[in-house]
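Numbering (this note's numbering), first residue to last: 615 to 823. We put the CB at the ideal spot given by N, CA and C, even for glycine. Below is one structure, written out as structure tokens; the observations come after it.
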């Protein structure tokens with residue numbers, strides 16, 4: 615059973631508060647999102663397996679630990695997910711990046727797929743799906759369904775802010791997937807936006823309306 619992890623580190627909470635402020639411009643918003651993504655990646659990777667090896671320091675030989683197990687894939691949901699990629703790559707520079715393009719139909723609020731490009735060995739990697747906002751959960755659920763249809767089984771979801779409705783949707787559709795969020799907000803409004811949220815993450819990230 616996947617778990618919900620709410621990452622309440624003081625640095626994450628401080629930077630998230632700045633991102634929520636409507637007066638924060640696109641440049642600072644992008645920088646803060648990248649920084650939070652890197653801090654979140656530290657927690658998302660906490661259970662990565664290690665193996666013991668022997669090395670020689672300038673002083674002596676010693677036994678020490680290095681990462682083992684599956685390689686990593688980072689899968690942003692376009693377009694807002696792009697803002698989290700570099701922060702994660704700062705910690706895991708060898709990760710491969712795939713892209714899934716989904717948009718939300720403004721009337722049904724259901725996701726529509728328009729693009730997908732994954733690493734050729736995606737099914738052999740530990741995949742981190744990223745999207746700043748987990749609102750209805752439709753886009754994240756659809757993206758993960760697509761990955762599973764491609765025989766991907768090791769999947770985590772990392773989002774900046776989640777609504778309870780989105781968490782419930784993920785729990786229903788993908789109970790095996792761990793969810794990592796910086797904040798669990800109150801609810802969705804009638805337009806499908808998270809309250810209190812931070813507005814449209816894609817628009818604020820790229821300076822569009």
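Problem - Spatial distance of residue 811 from residue 637 (CA atoms) - result: As a working mapping, residue 811 is identified with position 197 in the chain shown. As a working mapping, residue 637 is identified with position 23 in the chain shown. Residue 811 and residue 637: Cα-Cα distance of roughly 14 angstroms.
Practice task
May I ask you to report which of helix, strand or coil DSSP gives residue 678?
Solution key: Sequence index remark: in the chain shown, residue 678 carries index 64 (1-based). In the structure shown, residue 678 falls within a strand segment according to DSSP collapsed to helix, strand and coil.
Handout entry: Supposed contact pair residue 748 and residue 773 - C-beta distance, whole angstroms, cut 8 angstroms
Key = Within the chain shown, residue 773 is the residue found at index 159, counting from 1. Within the chain shown, residue 748 is the residue found at index 134, counting from 1. Contact holds; Cβ gap of about 4 angstroms.
Handout entry: Test item: CB-CB of residue 818 and residue 640 under 8 angstroms
Key = Taking the chain shown and counting its residues from 1, one reaches residue 818 at position 204. Taking the chain shown and counting its residues from 1, one reaches residue 640 at position 26. Contact: yes.
Handout entry: Assigned exposure category for residue 662 - 16 Cβ within 10 Å defines buried
Key = For this step, residue 662 is matched to residue 48 along the chain shown. Exposed, since its Cβ has fewer than 16 Cβ neighbours within 10 Å.
Handout entry: Bridge partners - residue 797, DSSP secondary structure assignment
Key = Here the question's residue 797 lines up with position 183 in the chain shown. For residue 797, the beta-bridge partners assigned by DSSP are 775.
Problem - Endpoints, the beta strand (DSSP E) within which residue 725 is located - result: Here residue 725 refers to the residue found at position 111 when the chain shown is read from its first residue. 725-731 is the span of the beta strand (DSSP E), which, as asked, contains residue 725.
Problem - residue 765 and residue 695 closer than 8 angstroms at C-beta - result: Along the chain shown, read from residue 1 onward, the residue named residue 765 stands at position 151. Along the chain shown, read from residue 1 onward, the residue named residue 695 stands at position 81. The criterion of a C-beta distance shorter than 8 angstroms is not satisfied by residue 765 and residue 695.
Exercise for the section: Kindly list the residues whose CB is nearer than 7 angstroms to the CB of residue 643, restricted to its own chain and excluding five residues on each side of it in sequence; keep chain order. Expected result: What you label residue 643 is simply residue 29 of the chain shown in a count that begins at 1. Same-chain partners within the cutoff: 633, 818 and 819.
Practice task
Taking only the alpha-carbon atoms, compute the straight-line gap between residue 751 and residue 669 and give it to the nearest angstrom.
Solution key: Here residue 751 is taken as the residue at index 137 of the chain shown, counted from 1. Here residue 669 is taken as the residue at index 55 of the chain shown, counted from 1. Going from the Cα of residue 751 to the Cα of residue 669 covers about 46 angstroms.
Exercise for the section: Note down, in chain order, each residue of its chain lying with its Cβ closer than 8 angstroms to the Cβ of residue 679, except the 5 sequence neighbours on either side. Expected result: In the chain shown, residue 679 corresponds to position 65, counting from 1. Residues 664, 665, 666 and 667 of the same chain have their beta carbon placed closer than 8 angstroms to that of residue 679, with the five preceding and five following residues left out of the count.
Exercise for the section: Using the DSSP secondary-structure output, state which residues sit across from residue 688 in a beta bridge. Expected result: Walking along the chain shown from the start, residue 688 turns up at place 74. Paired residues: 711 and 742.
Exercise for the section: With DSSP collapsed to three states, give me the class of residue 807. Expected result: Within the chain shown, the letter at position 193 stands for residue 807. Correct three-state label for residue 807: coil.
Exercise for the section: In the DSSP assignment, find the alpha helix (DSSP H) that holds residue 658 and state where it starts and stops. Expected result: Sequence index remark: in the chain shown, residue 658 carries index 44 (1-based). For residue 658, the uninterrupted alpha helix (DSSP H) run begins and ends at 640-658, by DSSP.
Exercise for the section: Sort 778, 656 and 821 by Cα distance to residue 800 and report the nearest one. Expected result: In the chain shown, residue 800 corresponds to position 186, counting from 1. Among 778, 656 and 821, the Cα nearest to that of residue 800 belongs to 778.
Practice task
Inspect the beta-carbon positions of residue 753 and residue 782 and report whether they are closer than 8 angstroms.
Solution key: In the chain shown, residue 753 corresponds to position 139, counting from 1. In the chain shown, residue 782 corresponds to position 168, counting from 1. Judged by beta-carbon spacing, residue 782 lies beyond the 8 angstroms limit of residue 753, meaning their Cβ atoms are not closer than that value.
Practice task
Rounded to whole angstroms, what's the CA-CA distance from residue 629 to residue 700? Just pull it up for me.
Solution key: Along the chain shown, one-based indexing puts residue 629 at 15. Along the chain shown, one-based indexing puts residue 700 at 86. Near 17 angstroms, if we compare the C-alpha coordinates of residue 700 and residue 629.
Problem - residue 657 versus residue 804: straight-line alpha-carbon distance, rounded - result: To locate residue 657, count along the chain shown from 1; it is residue 43. To locate residue 804, count along the chain shown from 1; it is residue 190. Within the model, the alpha-carbon separation for residue 657 versus residue 804 is close to 33 angstroms.
Handout entry: Where residue 700 sits in the DSSP three-state scheme
Key = Indexing the chain shown from 1 puts residue 700 at position 86. Here residue 700 carries a helix assignment [DSSP, helix/strand/coil].
Practice task
From the DSSP output, in three-state form, read off residue 792 for me.
Solution key: Within the chain shown, residue 792 is the residue found at index 178, counting from 1. DSSP places residue 792 in strand when its eight states are reduced to three.
Problem - Environment of residue 743 [buried if 16+ CB atoms lie within 10 Å] - result: Translated into positions along the chain shown, residue 743 becomes position 129. By the 10 Å Cβ count, residue 743 comes out buried.
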